[in-house]
Amino acid sequence: MKNIAILGSTGSIGTQALEVVRQFPDLFQVEVLTAHSNADLLIRQAKEFQPNVVVIGKESEYEYVKSALWDDDVKVYAGADALNDVARMDCVDVVLSAIVGVAGLAPVYRAIEMGKQIALANKETLVVAGELMTKAAAANGAILYPVDSEHSAIFQSMVGEFQNPIHKIIITASGGPFRGKKRSELQNVTKEQALKHPNWTMGSKITIDSATLMNKGLEVIEAKWLFNVSLDKIQVLVHPQSVVHSMVEYADGAVKAQLGVPDMKLPIQYALTYPDRLPNNFPRLNFADYPNLTFEEPDREVFPCLDLAFAASNEGGCKPCVMNAANEAAVSLFLHDRIGFYDIPRLIEQSMARANYSAPTSVEEYLYIDNEIKTSILQSFNK
Ligand code: NAD
Ligand code: MG
């Protein structure tokens, strides 16, 4: 039995992780479930899985959750500090971080400090503080298993090859809803159009990131830290069918890939059961359904966020944190119909050019910069 904490259990990854847990009742015991504001779903999940603890982020929902779980043997906590505490609990073996955005940074770091096994969906944590996280993981014996489908594919393509250096990583991208469009056609797109992803159903933030290709930029940085490769060894290729989830090329020219239907349950399961492959009833790939698997270069002019992410990671120091904060703020403004599609890269570029912090060395310093950048962007729109 593995005891799991699912941070962000009410989101797209969190609910799919619980579907994986349902498949293997003898393998996993849910110890912790956390949600930011969806109290009703958290309560339903707690009644089904009977965890030791639940955390509701929004403190105003505490009494509601507490009274709903009055008859159940479940402890209820609220607030961001409680999230950090549950990530450290002795009874937890595996922490699945399915929180969106920089809110995942502190709890993941606490879990790493305790040497836990981490199943990481929350890519922003590595984007913002990859060096801090990977060094702490090495020092504390914590292992980071990728949940992101591309990184899971890369990891699966590395099994049996750990002694061989990676020559190149090829990260595939669906291209999102605006693949093939011109810049002029995207000036006035709405959030409804941007939220229509062709292949994946995901949370709203990552879906907008997929439309701008920032998601691929974040994934390039995530891959750099997870697999300890330099950026010049990472190539992005658009593959609209989302069947080849990513690839690794080795010194001899051999390329290994992992393929499957676009379904996050498989990478979630692999992160939780590695090195074992266990039978499940999830959808399977039928090659006859995909007579054409195609690959093309991304359009870096139409989707400038991709190069902004490469630039931020190349510069290092505070820049990936600044880029991520500006992106989170800009995506939130776009989702509230406050800015246009190309204001997203504009705000990120502006923030990166202006920011001049010395390189952060702690979670607190990263969160300070994150807060400053977000506040300055949001204030400039509230005047
Ligand atoms: P989502 O918006 O559907 O869910 C986010 C979860 O985080 C929810 O449970 C929410 O309650 C919680 N949360 C939100 N804000 C919080 C805060 N301030 N403090 C604590 N908890 C908070 O998001 P998602 O699509 O499931 O994505 C989660 C993470 O996984 C993201 O980092 C995303 O990039 C990554 N990811 C998602 C997918 C996918 O298919 N959805 C694929 C790959 C990677
Ligand atoms: Mg991905």
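First residue of the sequence shown? That's -2 in my numbering, and the numbers climb one at a time after it. C-beta atoms are modelled at their ideal positions from N, C-alpha and C, and glycine is treated no differently.
Spell out the partners DSSP gives residue i in its beta bridges.
i	result
threonine 169	Leu234
isoleucine 385	Residue 385 falls outside the range modelled here, since the chain spans only -2 to 380, and no answer is possible.
leucine 385	This structure does not reach residue 385, given that the chain is present from -2 up to 380, and the question cannot be answered.
methionine 244	Ile167, Ala254
isoleucine 366	None, per the DSSP bridge assignment.
alanine 401	Nothing about residue 401 can be reported from this structure: the residues present for the chain run from -2 to 380 only.
threonine 204	Its beta-bridge partners do not exist; DSSP assigns none.
glutamate 293	Val235
valine 29	Ala2, Val50
Indicate, with yes or no, if the ligand MG has a heavy atom lying under 7 Å from the CB of residue i.
i	result
glutamate 246	no
serine 146	yes
glutamate 216	yes
Does the beta-carbon of residue i have 16 or more other beta-carbons within 10 angstroms, so that it is buried, or is it exposed?
i	result
asparagine 283	exposed
asparagine 289	exposed
proline 272	exposed
lysine 120	buried
glycine 173	buried
lysine 132	exposed
histidine 33	buried
threonine 157	Correcting the residue type first, residue 157 is glycine in the shown sequence and not threonine. Glycine 157 should be labelled exposed.
methionine -2	exposed
lysine 179	exposed
glutamine 13	buried
aspartate 229	exposed
arginine 335	exposed
lysine 44	exposed
Taking 7 Å as the cut-off, is the CB of residue i close to at least one heavy atom of the ligand NAD?
i	result
glutamate 121	yes
threonine 7	yes
histidine 33	yes
alanine 118	yes
methionine 199	yes
isoleucine 96	yes
leucine 364	no
glycine 11	yes
isoleucine 203	yes
leucine 102	no
methionine 320	no
glycine 172	no
methionine 261	yes
leucine 375	no
leucine 344	no
leucine 332	no
leucine 398	Because the chain here runs from -2 to 380, residue 398 falls outside it and cannot be looked at.
isoleucine 54	Contrary to the premise, residue 54 reads as glycine rather than isoleucine in this sequence. Glycine 54 Cβ: within cutoff of the ligand NAD.
leucine 80	yes
Just checking, does the segment 354 to 362 make contact with the segment 307 to 322 on the three C-beta pairs under 8 Å criterion? yes
With a threshold of 8 Å, are at least 3 pairs of Cβ atoms found where one atom belongs to the segment 124 to 141 and the other to the segment 161 to 169? In this structure the segment 124 to 141 does not touch the segment 161 to 169; the number of beta carbon pairs closer than 8 Å is below three.
How about the segment 249 to 261 and the segment 146 to 157: do they share at least three Cβ pairs that are nearer than 8 Å? The segment 249 to 261 is in contact with the segment 146 to 157.
Would you call the segment 84 to 96 in contact with the segment 58 to 72, where contact means no fewer than 3 C-beta pairs closer than 8 Å? no
At least 3 beta-carbon pairs within less than 8 Å: the segment 229 to 237 vs the segment 293 to 305: yes
Three or more C-beta pairs closer than 8 Å, one from the segment 20 to 29 and one from the segment 45 to 54: is that the case here? The segment 20 to 29 is in contact with the segment 45 to 54.
Any contact between the segment 60 to 68 and the segment 86 to 106? By contact I mean 3 or more CB pairs, one from each, below 8 Å. They do not touch, by the three-pair rule.
At least 3 beta-carbon pairs within less than 8 Å: the segment 191 to 202 vs the segment 122 to 131: no
Meets three-Cβ-pair contact criterion under 8 Å: the segment 239 to 247 and the segment 342 to 354: no
Are at least three pairs of beta-carbons, each pair with one atom in the segment 314 to 334 and one in the segment 364 to 374, less than 8 Å apart? Proximity of the segment 314 to 334 to the segment 364 to 374 meets the contact definition, three or more beta-carbon pairs being nearer than 8 Å.
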